[in-house]
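Engineer: Residue numbers (the UniProt record's numbering): 1 to 71. This is the structure I have questions about; it appears just below.
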């Protein structure tokens with residue numbers, strides 16, 4: 001698309017990059033977060049972050065449990 005300059009769709013509102021996926025279980029989310037976030041939060045970087053919890057059709061996880069486990 002970059003080389004040909006031709007559109008493949010008529011309308012795109014927003015494209016978000018996806019770095020990875022995991023199942024919607026607390027253990028899987030914690031395991032993925034440890035591998036993905038480790039390079040960003042090692043000792044010299046020490047950044048701040050925000051957790052935004054959005055859930056649809058999921059009744060087996062609680063917002064507070066996810067935030068407590070990942071923060």
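Ideal Cβ positions, reconstructed from N, Cα and C, are used throughout, including at glycine. All of these numbers come straight from a predicted model, not from anything done at the bench.
1) Rounded to whole angstroms, what is the Cα-Cα separation between residue 19 and residue 35?
2) Is it the case that the Cβ atoms of residue 64 and residue 30 are separated by a distance below 9 Å?
3) Considering residue 67, what are the terminal residues of the alpha helix (DSSP H) in which it resides?
4) Is it true that the CB of residue 71 sits closer than 9 Å to the CB of residue 51?
Structural biologist: A quick look at the data gives this:
1) 11 Å
2) no
3) 63-70
4) yes
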